[in-house]
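Engineer: In the order they appear, the protein sequences are chains A and B.
Read left to right, the first sequence gives residues 1 to 184 (our numbering).
Read left to right, the second sequence gives residues 1 to 184 (our numbering).
Number of protein chains: 2
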Amino acid sequence: MADESADDAGAGMDLVAEARRNWIESGLGEVDAMVSATSLARAHQIVLGRINQALTPLSLTFSRYEALALLSFTRNGSMAMARMGERLQVHPTSVTSTIDRLERDELVERTPHPDDRRATLATLTKAGRAKHVEATKALEAIRWGMGEMDDARLQELNADLANVRGSAGDNVSGSLRTASRGQT
Amino acid sequence: MADESADDAGAGMDLVAEARRNWIESGLGEVDAMVSATSLARAHQIVLGRINQALTPLSLTFSRYEALALLSFTRNGSMAMARMGERLQVHPTSVTSTIDRLERDELVERTPHPDDRRATLATLTKAGRAKHVEATKALEAIRWGMGEMDDARLQELNADLANVRGSAGDNVSGSLRTASRGQT
């Protein structure tokens with residue numbers, strides 16, 4: 001009986017190469033783009049799976065970790081929720097549900113915005129700040145799910161991913177510069 | 001008021017470069033790995049968003065498309081559901097819910113496996129086969145969400161993503177070979 005767990009399932013066959021072969025044999029176009037999209041989905045599944053596995057013992061997910069990280073880099077540990085959506089590049093309803101959960105876990109508090117009564121601030125609690133530090137250490141320890149790729153390979157990957165992001169209108173000027181020169 | 005849609009939100013600032021700066025200023029480690037994981041998540045969000053946008057008018061998602069594609073490349077348009085989970089690298093419960101929906105839309109039928117009464121086959125219907133062809137054309141037309149990246153850049157990206165996949169134990173021998181030599 002074959003192992004059906006997601007990580008081991010494909011060990012016997014290069015599934016992306018197999019998709020490529022099927023594509024070429026069927027005379028379908030845009031084979032490199034198809035392979036990129038498929039590989040990107042698989043790589044994301046692997047890396048996010050590892051990250052979430054490292055965060056589960058801390059009762060966090062990557063989305064909630066990202067929200068904590070964003071707040072922890074502000075001056076007062078505080079940001080308007082609408083602005084958080086822009087910075088995390090997610091829909092406002094996702095921010096709401098992420099903050100709901102973080103508030104329930106007492107890692108974040110909602111407060112009215114002092115200068116704009118229509119807006120709500122999310123503010124890191126002391127426990128939220130400590131949780132962010134703890135989770136960052138846990139992610140560092142697994143090298144953010146990137147396996148054994150060395151820094152040179154990671155920088156290459158980052159430059160390529162910056163191209164994908166740039167193709168969607170993301171500002172990637174800083175990423176392309178740092179990716180080609182290494183750390184600044 | 002800033003635009004909060006996921007695709008345009010970051011246009012004013014390179015958010016990944018900003019994360020990199022915060023990391024370095026805070027003296028945190030594994031900055032390239034952090035950037036890779038963050039960029040991978042964002043690139044995946046962009047590409048999957050475009051793909052799902054192209055598939056929505058056809059009442060499909062990428063997961064359901066992948067299941068149709070997998071079946072369409074078999075000899076009889078048919079595969080055991082457990083085997084589909086292995087090939088799609090997803091959990092058996094995901095295969096079940098994907099096939100449930102495809103069956104409801106009359107694109108796939110469940111039948112008992114002729115040689116193994118514990119197993120269930122998913123089989124493409126005629127409508128399912130036509131839907132696969134139609135959806136493949138729709139994805140070709142948007143170059144699988146890869147924007148304006150040319151084939152050389154896509155092949156570079158594919159080699160880098162094969163490294164990520166390989167780090168999780170995926171067999172990537174075919175991908176590394178074809179990525180470095182272009183199409184075979």
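For every residue, glycine included, the Cβ atom is placed at its ideal position computed from N, Cα and C.
No experiment lies behind these values; they were computed from the predicted model shown.
Listing by chain order, which chain B residues have their CB less than 8 angstroms from the CB of A:SER97?
Structural biologist: For the purposes of this step, residue 97 of chain A is identified with residue 97 of the first sequence, where counting begins at 1. The contacting residues do not exist; A:SER97 stays about 15 angstroms from chain B at best.
Engineer: Using the Cα positions of A:GLY10 and B:SER167, report the straight-line distance between them to the nearest angstrom.
Structural biologist: Residue mapping note: residue 10 of chain A aligns to position 10 of the first sequence, counting from 1. Residue mapping note: residue 167 of chain B aligns to position 167 of the second sequence, counting from 1. In this prediction, A:GLY10 scores a pLDDT of 44, lower than 50, which makes its location untrustworthy; no coordinate-derived value is stated.
Engineer: Measure from the C-beta of A:SER78 to each C-beta in chain B and report whether the shortest distance is under 7 angstroms.
Structural biologist: On the first sequence, position 78 is the one that residue 78 of chain A refers to. By this cut-off, A:SER78 is not an interface position.
Engineer: Between the C-alpha atoms of B:GLU25 and A:PHE73, what's the straight-line distance to the nearest angstrom?
Structural biologist: As a first step, residue 25 of chain B is located in the second sequence; it is residue number 25 there, counting from the start. As a first step, residue 73 of chain A is located in the first sequence; it is residue number 73 there, counting from the start. Straight-line Cα distance between these residues: approximately 10 angstroms.
Engineer: List the endpoints of the continuous alpha helix (DSSP H) containing A:THR98.
Structural biologist: By 1-based counting over the first sequence, the position of residue 98 of chain A is 98. Here the alpha helix (DSSP H) through A:THR98 covers 92-104.
Engineer: Three Cβ pairs or more, each shorter than 8 angstroms: is that satisfied between the region 34-41 of chain A and the region 134-148 of chain B?
Structural biologist: With the cut-off at 8 angstroms, the region 34-41 of chain A and the region 134-148 of chain B touch.
Engineer: Examine chain B for any beta-carbon lying closer than 7 angstroms to the beta-carbon of A:ALA103, and answer yes or no.
Structural biologist: Within the first sequence, numbered from 1, the residue matching residue 103 of chain A stands at position 103. Note that residue 103 of chain A corresponds to Glu in the displayed sequence, not to Ala. Not one chain B Cβ lies under 7 angstroms of A:GLU103.
Engineer: If you draw a straight line from the C-alpha of A:SER97 to the C-alpha of A:MET81, how long is it?
Structural biologist: Translated into positions along the first sequence, residue 97 of chain A becomes position 97. Translated into positions along the first sequence, residue 81 of chain A becomes position 81. About 11 angstroms.
Engineer: Which same chain residues, not among the five before or five after B:VAL47, have their C-beta less than 7 angstroms away from its C-beta?
Structural biologist: As a first step, residue 47 of chain B must be located in the second sequence, where it is residue number 47. Result list for B:VAL47: GLY145 and MET146, in chain order.
Engineer: Compare the Cα-Cα distances from A:ALA152 to each of B:ARG21, B:GLU30 and B:GLY12 and report the closest residue.
Structural biologist: Numbered from its first residue, the first sequence carries residue 152 of chain A at position 152. Nearest of B:ARG21, B:GLU30 and B:GLY12 to A:ALA152, Cα basis: B:GLU30.
Engineer: Using the Cα positions of B:SER42 and A:LEU176, report the straight-line distance between them to the nearest angstrom.
Structural biologist: Residue numbering aside, residue 42 of chain B sits at position 42 when the second sequence is read from its first letter. Residue numbering aside, residue 176 of chain A sits at position 176 when the first sequence is read from its first letter. Note that residue 42 of chain B is Arg in the sequence shown here, rather than Ser. When rounded, the distance between both Cα atoms is 15 angstroms.
Engineer: Could you spell out where the beta strand (DSSP E) holding A:VAL108 opens and where it closes?
Structural biologist: The residue given as residue 108 of chain A occupies position 108 in the first sequence. Looking at the DSSP string, the run of the beta strand (DSSP E) that includes A:VAL108 is 108-112.
Engineer: Do you know how far the Cα of A:ASP14 is from the Cα of B:GLY169?
Structural biologist: Looking up residue 169 of chain B in the second sequence gives position 169. Looking up residue 14 of chain A in the first sequence gives position 14. C-alpha separation (whole angstroms): 10 angstroms.
Engineer: Determine which residues of the region 148-175 of chain A have a Cβ less than 7 angstroms from any Cβ of chain B, and write them out in chain order.
Structural biologist: Taking 7 angstroms as the Cβ-Cβ cut-off against chain B, the residues of the region 148-175 of chain A that qualify are GLU148, MET149, ASP151, ARG153, LEU154, GLN155, GLU156, LEU157, ASN158, ASP160, LEU161, ALA162, ASN163, VAL164, ARG165, SER167, ALA168, GLY169, ASP170, ASN171, VAL172, SER173, GLY174 and SER175.
Engineer: As a quick exercise: from A:SER78, A:ASP160 and A:LEU157, pick the residue whose alpha carbon is nearest that of A:PRO114.
Structural biologist: One-based indexing of the first sequence puts residue 114 of chain A at position 114. For the residues A:SER78, A:ASP160 and A:LEU157, the minimum Cα distance to A:PRO114 belongs to A:SER78.
Engineer: Starting from the beta carbon of A:GLY27, find every residue of chain B whose beta carbon is closer than 8 angstroms, and list them in chain order.
Structural biologist: In the first sequence, the residue the question calls residue 27 of chain A occupies position 27. Result: empty, since nearest Cβ-Cβ is about 11 angstroms, beyond 8 angstroms.
Engineer: Please report the straight-line C-alpha distance between B:THR136 and A:LEU88, rounded to a whole angstrom.
Structural biologist: Stepping through the second sequence from its first residue, residue 136 of chain B is reached at position 136. Stepping through the first sequence from its first residue, residue 88 of chain A is reached at position 88. About 31 angstroms.
Engineer: Count the other CB atoms, across all protein chains shown, that sit within 10 Å of the CB of B:SER173; report buried if there are 16 or more and exposed otherwise.
Structural biologist: Residue 173 of chain B sits at position 173 when you count from the first residue of the second sequence. Classification of B:SER173: exposed, given that the 10 Å Cβ count is below 16.
Engineer: Can you list, in chain order, the residues of its chain whose CB lies under 7 angstroms from that of A:ALA69, leaving out five sequence neighbours each side?
Structural biologist: For the purposes of this step, residue 69 of chain A is identified with residue 69 of the first sequence, where counting begins at 1. For A:ALA69, where only same-chain residues beyond five positions count, the Cβ hits under 7 angstroms are HIS132.
Engineer: Counting only Cβ pairs nearer than 8 angstroms, list the residues of chain A close to B:ALA119.
Structural biologist: Position 119 of the second sequence, counted from the start, is the residue given in the question as residue 119 of chain B. Within chain A, no residue comes near B:ALA119; the closest Cβ sits about 11 angstroms away, beyond 8 angstroms.
Engineer: Which class does B:THR74 belong to by DSSP, given the choice of helix, strand or coil?
Structural biologist: Your numbering for residue 74 of chain B matches position 74 in the second sequence. Here B:THR74 sits in coil by DSSP.
Engineer: Would you call the CB atoms of B:THR38 and B:ALA19 closer than 7 angstroms?
Structural biologist: By 1-based counting over the second sequence, the position of residue 38 of chain B is 38. By 1-based counting over the second sequence, the position of residue 19 of chain B is 19. Against a cut-off of 7 angstroms, the Cβ pair of B:ALA19 and B:THR38 comes out as a contact.
Engineer: When you compare each of B:GLU109, B:ALA138 and B:GLU140 to B:ALA127 by their alpha carbons, which one comes out closest?
Structural biologist: One-based indexing of the second sequence puts residue 127 of chain B at position 127. The shortest Cα separation from B:ALA127 among B:GLU109, B:ALA138 and B:GLU140 belongs to B:GLU109.
Engineer: Does chain A have any CB closer than 7 angstroms to the CB of B:VAL47?
Structural biologist: Against the second sequence, residue 47 of chain B aligns to sequence position 47. B:VAL47 counts as touching chain A.
Engineer: For B:ILE51 and B:LEU139, I'd like the C-alpha separation in whole angstroms.
Structural biologist: On the second sequence, position 51 is the one that residue 51 of chain B refers to. On the second sequence, position 139 is the one that residue 139 of chain B refers to. When rounded, the distance between both Cα atoms is 7 angstroms.
Engineer: Counting only beta-carbon atoms, is B:LEU55 nearer than 7 angstroms to chain A?
Structural biologist: Your numbering for residue 55 of chain B matches position 55 in the second sequence. Taking Cβ atoms only, chain A never reaches closer than 7 angstroms to B:LEU55, which makes this a no.
Engineer: Against chain B, does A:MET146 count as a neighbour if the rule is that its beta carbon must be under 7 angstroms from one of theirs?
Structural biologist: Translated into the one-based positions of the first sequence, residue 146 of chain A becomes position 146. Yes, A:MET146 counts as interfacial toward chain B.
Engineer: Excluding the five sequence neighbours on either side, which residues of its own chain have a C-beta within less than 8 angstroms of the C-beta of B:ASN76, listed in chain order?
Structural biologist: Stepping through the second sequence from its first residue, residue 76 of chain B is reached at position 76. Around B:ASN76: THR123.
Engineer: What does the alpha-carbon distance come out to for the pair A:THR93 and A:ARG64?
Structural biologist: For the purposes of this step, residue 93 of chain A is identified with residue 93 of the first sequence, where counting begins at 1. For the purposes of this step, residue 64 of chain A is identified with residue 64 of the first sequence, where counting begins at 1. Rounded to whole angstroms, A:THR93 to A:ARG64 spans 14 angstroms at the Cα level.
Engineer: Taking a cut of 7 angstroms between CB atoms, which residues from the region 118-142 of chain A lie near chain B?
Structural biologist: Hits within the stretch, in order: THR136 and GLU140.
Engineer: For B:GLY85, count neighbouring C-beta atoms within 10 Å of its own C-beta (all shown protein chains included) and say buried if the count is 16 or more, exposed if not.
Structural biologist: As a position in the second sequence, residue 85 of chain B is number 85, starting the count at 1. Counting Cβ neighbours within 10 Å, B:GLY85 comes out buried, since at least 16 surround it.
Engineer: Can you tell me the Cα-Cα spacing of B:ILE142 and B:GLY49, whole angstroms?
Structural biologist: The count along the second sequence starts at 1 and reaches residue 142 of chain B at position 142. The count along the second sequence starts at 1 and reaches residue 49 of chain B at position 49. About 12 angstroms.
Engineer: Which first and last residues belong to the alpha helix (DSSP H) in which B:LEU15 is found?
Structural biologist: Here residue 15 of chain B refers to the residue found at position 15 of the second sequence. Start and end: 15-25.
Engineer: How many Å lie between A:HIS91 and B:ARG118 at the Cα?
Structural biologist: Mapped onto the first sequence, residue 91 of chain A falls at position 91. Mapped onto the second sequence, residue 118 of chain B falls at position 118. Each residue's Cα considered, the two are about 43 angstroms apart.
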